[in-house]
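**Student:** The listed protein sequences correspond, in order, to chains A and B.
Using this note's numbering, you'd call the opening residue of the first sequence number 2 and step up by one each time.
Using this note's numbering, you'd call the opening residue of the second sequence number 2 and step up by one each time.
Below: one structure in structure tokens.
2 protein chains.
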Amino acid sequence: MSQTAVQEPKKERGPLNGVDTPNLFATINVVKNNPELAKFKFRAKNTWVSGTHGRGTIETFYGAGSEHTHKRTFTMEADHPAVLVGDDKAPLPVEIVLYGLAACITGGIANIAAARGVTLTEVQATVEGDIDLRGILGLSNEVRNGYENIRADFTIKGDAPAEKLREIVEQSKARSAVFDIITNKVPVEIGVNVG
Amino acid sequence: MSQTAVQEPKKERGPLNGVDTPNLFATINVVKNNPELAKFKFRAKNTWVSGTHGRGTIETFYGAGSEHTHKRTFTMEADHPAVLVGDDKAPLPVEIVLYGLAACITGGIANIAAARGVTLTEVQATVEGDIDLRGILGLSNEVRNGYENIRADFTIKGDAPAEKLREIVEQSKARSAVFDIITNKVPVEIGVNVG
């Protein structure tokens, strides 16, 4: 290489991994200059159907200073399996939460890889949680209701050295909303309207 | 009433609200006598598609001493909306977690109402969470990544006095796995396989 080569202008990242990277950086800059835009409210609804089976929707949210409606109304369902006295029409709520964790870190991996100029070819997540149902069945006050622990395993492939791929997963975990929600405490206020 | 009437035998609860109440009580009794059966492992998988869009499955779980397969393989998807630089093909992971909370407490309400002999006619849940995205965007180290707080509002109608209906919601919250997962800490271990 020539010693006299002038320094190349800072390379702009183009879209990568299906991530609109320029838009991602632009969004971060806009929020940096106006922190109010970072305040979001997300929502979900559920309607009891029968037994442990429910059906709900995810439709609107508030953020970036205004109300938004998703491109379409997303529907979700939950139930218990037969061994837990349900009809097994849909996943358990505790399985749904595991999926949320897997999806949150996976989405972050794609964004962070794009921001770092790494092309991904595969990301797979398998999440497993251990739970002792004596808690929710009311058989023990020492056993907690929720998971005792959760393991999330990621397989990641792309055009970067192993260490760089590991760092992308690490950074995604460090900035994952669902990882924080599960590993730390979130206050939840319950309201009841009696018909 | 006759003073000489013999005491009626303890009333057995029949199925109610679509809940197989006798089976529910039988299950609790079986677990009571063999706590090993209460140990469950739930699982979820996710495969990255493109950008923040992923698609996954919920298929098997371990519990009551053996492996189980759901009646069918449940599929789930997640994405980010356009304002968060995604294609809005599916709900956000943080919305999915709110749905899990709504569904967990709703399922519990149906079970507990059945156990207490209360016929329900309606249960609706609306959950909303506040999040400041400066956390996940890496713009602040003081702002957490996850929800700052969550509100879950339940409308419950049935053939019981208001106070009894309120107590059912309260008991469901007290024994909700997802409520515990969100309001308390769960350790999460992340593994990375680099391809």
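C-beta: ideal position from N, C-alpha, C; glycine also.
Quick one: grab the DSSP three-state call for Arg152(A).
**Tutor:** Here residue 152(A) corresponds to residue number 151 of the first sequence, with the count starting at 1. Three-state DSSP puts Arg152(A) in a strand.
**Student:** Find out if the Cβ-Cβ distance for the pair Leu138(B), Ala103(A) is shorter than 9 Å.
**Tutor:** Position 137 of the second sequence, counted from the first residue, corresponds to residue 138(B). Position 102 of the first sequence, counted from the first residue, corresponds to residue 103(A). No.
**Student:** Report buried or exposed for Arg44(A), applying the criterion of at least 16 other Cβ atoms within 10 angstroms of its Cβ.
**Tutor:** For this step, residue 44(A) is matched to residue 43 along the first sequence. It is buried - the Cβ of Arg44(A) has at least 16 other Cβ atoms within 10 Å.
**Student:** Using a Cβ-Cβ cut-off of less than 8 Å, list which residues of the segment 18 to 48 of chain B approach chain E; keep chain order.
**Tutor:** Note that chain E does not occur in the displayed structure, where the protein chains are A and B.
**Student:** Buried or exposed: which applies to Pro94(B), given that a residue is buried once 16 or more other Cβ atoms fall within 10 Å of its Cβ?
**Tutor:** For the purposes of this step, residue 94(B) is taken as the residue at position 93 of the second sequence. By the neighbour-count rule (16 or more Cβ atoms within 10 Å), Pro94(B) is buried.
**Student:** Give me whichever residues DSSP pairs with Asp131(B) in a beta bridge.
**Tutor:** The sequence position of residue 131(B) within the second sequence is 130, counting from 1. Its beta-bridge partners are Lys42(A) and Asn150(B).
**Student:** Under the rule that 16 or more other beta-carbon atoms within 10 Å means buried, what is Ser3(A), buried or exposed?
**Tutor:** The residue labelled residue 3(A) in the question sits at position 2 within the first sequence. Because the pLDDT at Ser3(A) is just 42, under 50, the model does not fix this residue reliably, and the value given afterwards should be weighed accordingly. Looking at its Cβ environment, which holds fewer than 16 other Cβ atoms inside 10 Å, Ser3(A) is exposed.
**Student:** Answer with yes or no whether the minimum CB distance from Val179(B) to chain A is below 9 Å.
**Tutor:** Locating residue 179(B) in the second sequence gives position 178, where the first residue counts as 1. Output row for Val179(B): interface = yes.
**Student:** Within the same chain, show all residues whose beta-carbon is closer than 7 Å to that of Asp131(A), passing over the 5 residues directly before and after it, in chain order.
**Tutor:** For the purposes of this step, residue 131(A) is identified with residue 130 of the first sequence, where counting begins at 1. In its chain, beyond the 5 residues on either side, Tyr148, Glu149 and Asn150 have a beta carbon closer than 7 Å to the beta carbon of Asp131(A).
**Student:** DSSP on Ile157(B), reduced to helix/strand/coil?
**Tutor:** Locating residue 157(B) in the second sequence gives position 156, counting from the first residue. Looking at Ile157(B) - three-state DSSP - the assignment turns out to be strand.
**Student:** Looking at chain B, which residues of the segment 106 to 135 of chain A have a Cβ within less than 9 Å of any of its Cβ atoms?
**Tutor:** Ile106, Thr107, Gly108, Gly109, Ile110, Ala111, Asn112, Ala115, Leu121, Thr122, Glu123, Val124, Gln125, Ala126, Thr127, Val128, Glu129, Gly130, Asp131, Ile132, Asp133, Leu134 and Arg135
**Student:** Can you tell me whether Lys186(A) is buried or exposed? The criterion is at least 16 other CB atoms within 10 Å of its CB, across all chains shown.
**Tutor:** Counting from one through the first sequence, the residue named residue 186(A) turns up at place 185. With fewer than 16 Cβ atoms within 10 Å of its Cβ, Lys186(A) is classed as exposed.
**Student:** In terms of alpha-carbon separation, which member of Ile106(A), Gly19(A) and Thr61(A) lies closest to Glu190(B)?
**Tutor:** Your numbering for residue 190(B) matches position 189 in the second sequence. It is Ile106(A) whose Cα lies nearest to the Cα of Glu190(B).
**Student:** Taking contact to mean 3 or more Cβ pairs, one atom from each stretch, closer than 8 Å, check whether the segment 158 to 170 of chain A and the segment 64 to 74 of chain B are in contact.
**Tutor:** no
**Student:** Anything in chain B within Cβ reach of Arg152(A), meaning under 7 Å, just list it in chain order.
**Tutor:** By 1-based counting over the first sequence, the position of residue 152(A) is 151. Here the neighbours are Glu190 and Gly192.
**Student:** List, in order along the chain, the chain B residues whose C-beta lies closer than 9 Å to that of Arg167(A)?
**Tutor:** On the first sequence, residue 167(A) is found 166 positions in, with the first residue counted as 1. For a Cβ distance threshold of 9 Å, residue set Val193 and Val195 of chain B lies close to Arg167(A), ordered along the chain.
**Student:** Distance check for Phe155(A) and Ala161(A), CA to CA, integer angstroms please.
**Tutor:** Stepping through the first sequence from its first residue, residue 161(A) is reached at position 160. Stepping through the first sequence from its first residue, residue 155(A) is reached at position 154. Approximately 16 Å between the Cα atoms of the pair.
**Student:** Answer with yes or no whether the minimum CB distance from Glu143(B) to chain A is below 9 Å.
**Tutor:** On the second sequence, residue 143(B) is found 142 positions in, with the first residue counted as 1. False, the Cβ-Cβ gap to chain A never drops below 9 Å.
**Student:** Give the range of the alpha helix (DSSP H) segment to which Ser141(A) is assigned.
**Tutor:** By 1-based counting over the first sequence, the position of residue 141(A) is 140. In the DSSP annotation of this structure, Ser141(A) is not part of any alpha helix (DSSP H), being labelled neither H nor E.
**Student:** Would you mind telling me which residues of chain A sit closer than 7 Å to Gly139(B), beta carbon to beta carbon, in chain order?
**Tutor:** Position 138 of the second sequence holds residue 139(B). Those within 7 Å of Gly139(B) in chain A are Arg176.
**Student:** Under 7 Å between beta-carbons, which chain B residues line up against Asp89(A)? List them in chain order, please.
**Tutor:** What you label residue 89(A) is simply residue 88 of the first sequence in a count that begins at 1. Within 7 Å of the CB of Asp89(A), the CB atoms of chain B belong to His71 and Lys72, in sequence order along the chain.
**Student:** Within a Cβ cutoff of 6 Å, which residues of the same chain sit near Ile59(A), ignoring the five residues on either side of it in sequence?
**Tutor:** Locating residue 59(A) in the first sequence gives position 58, where the first residue counts as 1. Around Ile59(A): Ala45 and Phe75.
**Student:** How should Pro16(B) be labelled, buried or exposed, when 16 other C-beta atoms within 10 angstroms of its C-beta is the threshold for buried?
**Tutor:** Here residue 16(B) refers to the residue found at position 15 when the second sequence is read from its first residue. Exposed, since its Cβ has fewer than 16 Cβ neighbours within 10 Å.
**Student:** Tell me whether Val86(A) sits in a helix, a strand or coil according to DSSP, three-state version.
**Tutor:** As a position in the first sequence, residue 86(A) is number 85, starting the count at 1. Val86(A) falls in the coil class under three-state DSSP.
**Student:** Answer with yes or no whether the minimum CB distance from Gly15(A) to chain B is below 9 Å.
**Tutor:** Here residue 15(A) refers to the residue found at position 14 when the first sequence is read from its first residue. Not one beta carbon of chain B lies nearer than 9 Å to the beta carbon of Gly15(A).
**Student:** Taking DSSP as the reference, what is the three-state secondary structure of Lys186(B)?
**Tutor:** In the second sequence, the residue the question calls residue 186(B) occupies position 185. It is coil, neither helix nor strand.
**Student:** Return the CA-CA distance between Gly64(B) and Pro92(A), expressed in angstroms with no decimal places.
**Tutor:** Here the question's residue 64(B) lines up with position 63 in the second sequence. Here the question's residue 92(A) lines up with position 91 in the first sequence. In a straight line, the C-alpha of Gly64(B) is about 15 Å away from that of Pro92(A).
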